[in-house]
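**Q** Let me give you the structure first, and then I'll get to my questions.
Structure, rendered in structure tokens:
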């Protein structure tokens with residue numbers, strides 16, 4: 001028995017050393033595995049974070065799309081810049097987290113290698129004690145371990161099972177059972193970590209990612225001492241390979257998410273550049289619109305000045321119309337005088353016809369006295385000389401009658417000329433009324449016509465005076481001739497035959513006078529009709545003139561309202577200028593006119609620059625063409641904005657939901673990061689403890705070697 005004791009000691013001591021090595025390697029493996037689990041849980045949450053951050057950034061970028069208010073407030077591009085900076089910060093955080101997950105994956109791979117080496121060394125040993133202190137303590141700490149491990153050892157050792165195919169969908173809402181928490185608590189105890197600090201967050205991670213619970217159960221089955229005893233080396237190697245494959249899948253997912261975040265950041269950068277360009281275009285459009293408004297206001301002032309000049313010209317035209325009305329009255333009076341003269345001449349003609357009738361009566365008396373005339377034949381020879389004289393007088397009377405006929409014809413011609421002149425004047429007046437729409441062009445012609453009319457009026461007055469003097473002379477001659485006729489009555493009694501022939505001629509003359517008088521009466525009636533027509537035409541023109549006056553009065557009222565509005569604006573601008581002069585420090589513009597309006601500032605700049613009117617007009621035409629182009633561009637941009645707004649309205653519920661999910665994910669990330677920091681602290685503490693345990697292990701190995709040498 002004594003000889004057999006040393007071999008027992010040799011068998012038991014190496015067994016203790018091997019179990020201690022495996023225990024230390026398993027503790028390191030557990031700590032690395034828990035770190036990788038926390039990192040993978042963070043990465044499971046990260047897709048929603050990255051996606052939500054991208055969607056939030058796109059929502060902010062889309063919310064900063066140019067709208068009618070963004071054309072006036074270009075500072076919203078700064079908000080998009082800040083949103084882009086936040087997204088880039090989140091991308092940098094995601095990159096850091098991906099790097100951290102890669103580091104944890106590297107540590108997990110190193111721990112699996114250590115586990116493989118430990119398993120290989122353990123399988124090379126032929127004698128394994130069934131009463132290891134570590135195993136007994138592990139079994140004592142977990143009395144229900146055998147029943148729980150028996151559920152997972154067989155699937156873990158089966159090489160045909162695929163670990164990746166048992167993954168459940170993410171974000172499962174099923175609660176974690178007590179059977180699933182037991183392997184987690186045992187693994188925490190095996191790793192030497194605090195169950196109070198790690199159990200709750202890891203259970204939440206298991207609830208969010210059900211595949212992790214399966215992984216933990218299988219890992220618990222692998223780390224079960226009985227499973228380690230019964231497990232074969234190929235099964236353990238297959239398990240390690242599955243863990244490596246899982247690690248590689250996590251790495252590829254992390255790289256894919258980082259690539260997606262970079263792509264979304266580039267997309268956001270391009271959208272931000274487009275928004276900046278659109279903001280600059282809108283700013284240039286607002287400047288061009290301000291200059292255009294200034295030019296339009298200047299044109300309005302010019303139009304108001306033109307309206308004032310038109311009003312003055314209308315007043316001048318009214319005075320001219322009044323003068324023409326006075327001339328019309330004078331011409332009407334002249335026509336009335338001519339009519340009175342014609343009436344007087346007709347009365348004279350009728351008196352002459354009465355005289356001729358009296359002469360015919362006297363001729364009858366002369367026939368009665370014919371018998372007595374025979375007695376006077378002797379005296380006839382004596383009176384032949386007197387008859388010759390009477391013939392001369394008769395010739396003078398005939399010449400006077402012919403002159404009277406010429407005067408009547410001249411009066412008729414003058415009446416015709418006056419009627420034609422009245423028609424011409426009425427036509428000129430109608431043309432003047434029609435051409436009143438452009439009085440500035442016809443003012444010179446009207447003045448020349450007025451001078452011509454005044455000259456004609458003077459000539460007509462001179463001719464009228466000459467005709468009047470001529471008529472007076474004719475009346476005197478007629479009176480003288482009537483006296484001569486009375487003197488010759490006594491002489492004509494003696495001249496029977498000559499008086500008969502003379503009476504026939506006188507009858508013919510009277511018939512001619514009657515026809516002429518009838519013609520004059522007809523012409524006078526025609527002149528009266530023409531006068532009535534001209535009066536009706538003048539009334540119509542006066543009505544049109546009143547209508548034009550009413551229209552001009554309405555235009556004047558509207559212009560006065562515009563002047564009052566401009567006066568109010570001028571008062572407001574003067575008040576602003578007074579406030580600027582009294583408080584110049586309160587102005588936020590370099591030019592004080594900028595406080596009034598952008599138009600005033602532009603006008604002050606043009607005045608200070610010393611530009612000429614031709615330069616300003618050329619700039620106005622250029623700006624007008626640019627305005628047309630900008631209007632087309634603005635219509636195109638409005639269509640684009642409407643299209644973008646429609647897309648935003650369609651995506652608004654999804655973006656809102658993504659924003660809410662992002663907020664929840666950020667809160668969860670902060671909580672998990674806090675838990676991760678505490679886990680890292682505990683990891684450092686566990687690493688220090690493992691370093692101490694490794695030192696103890698090395699000391700025990702050294703003592704074991706010494707004991708082995710002493711036993712030999």
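Numbering (full-length UniProt numbering), first residue to last: 1 to 712.
All C-beta atoms, glycine included, are put in the ideal place defined by N, C-alpha and C.
1. Would you kindly work out how many angstroms separate the C-alpha atoms of residue 680 and residue 199, rounded to a whole number?
2. CB residue 627 to CB residue 292, shorter than 7 Å?
3. Just how far apart, CA to CA, sit residue 421 and residue 474?
4. Give a yes or no on contact between the segment 512-527 and the segment 405-418, applying the rule of three or more CB pairs nearer than 8 Å.
5. Since residue 523 and residue 412 should fall inside the 8 Å C-beta cutoff, what is the C-beta to C-beta distance between them, to a whole number of angstroms?
6. How is residue 237 classed by DSSP in three states: helix, strand or coil?
7. Identify whether residue 494 lies in helix, strand or coil by the three-state DSSP scheme.
8. For residue 393 versus residue 516, is the C-beta spacing smaller than 7 Å?
9. What does the alpha-carbon distance come out to for the pair residue 650 and residue 643?
10. Assign residue 246 to one of two classes, buried (16 or more other C-beta atoms within 10 Å of its C-beta) or exposed (fewer than that).
11. Hey, how far is the Cα of residue 350 from the Cα of residue 540?
12. Look at the alpha carbon of residue 637 and the alpha carbon of residue 302, and state the distance between them as a whole number of angstroms.
13. Kindly give me the distance between the Cβ atoms of residue 480 and residue 324, rounded to whole angstroms, as I take these residues to be in contact under 8 Å.
14. Out of 666, 201 and 216, point me to the one whose CA is closest to residue 182's CA.
15. Report all residues from its chain with a CB closer than 8 Å to the CB of residue 5; omit the five preceding and five following residues, and keep chain order.
16. Is it right to say residue 162 is buried, meaning 16 or more other beta carbons lie within 10 angstroms of its own, or is it exposed?
17. Using only the alpha-carbon positions, how far apart do residue 3 and residue 709 sit?
18. Quick one: using the 10 Å Cβ neighbour count with 16 as the cut-off for buried, is residue 520 buried or exposed?
19. Should residue 534 be labelled buried (16 or more other beta-carbon atoms within 10 Å of its own) or exposed?
20. What does the alpha-carbon distance come out to for the pair residue 305 and residue 575?
21. Tell whether a beta-carbon distance below 7 Å holds between residue 689 and residue 201.
22. Hey, how far is the Cα of residue 51 from the Cα of residue 251?
23. Is the beta carbon of residue 559 sitting closer than 7 Å to the one on residue 307?
24. What does the Cβ neighbour count give for residue 333, buried or exposed, with the cut at 16 atoms within 10 Å?
25. Applying the criterion that 16 or more other CB atoms from any shown protein chain within 10 Å of the CB defines a buried residue, is residue 335 buried or exposed?
26. For residue 295, count neighbouring C-beta atoms within 10 Å of its own C-beta (all shown protein chains included) and say buried if the count is 16 or more, exposed if not.
27. Is the beta carbon of residue 400 sitting closer than 7 Å to the one on residue 477?
**A** On the basis of the supplied data:
1. 15 Å
2. yes
3. 27 Å
4. yes
5. 7 Å
6. helix
7. coil
8. no
9. 11 Å
10. buried
11. 41 Å
12. 34 Å
13. Contact flag wrong, Cβ pair sits at about 44 Å.
14. 216
15. Its pLDDT being 40, under 50, residue 5 is placed unreliably by the model, and the measurement read from it follows with that caveat. Result list for residue 5: empty, nothing under 8 Å.
16. Summary for residue 162: the model assigns pLDDT 40, below 50, so the residue's position carries little reliability, and this model does not support an answer.
17. A caution first: residue 3 carries a pLDDT of 40, below 50, which makes its placement in the model too unreliable to give a value.
18. buried
19. buried
20. 25 Å
21. no
22. Only weak support exists for where residue 51 lies, its pLDDT of 42 falling under 50; the value from the coordinates is given anyway. If I take the Cα positions, the gap works out to 18 Å.
23. yes
24. exposed
25. buried
26. buried
27. yes
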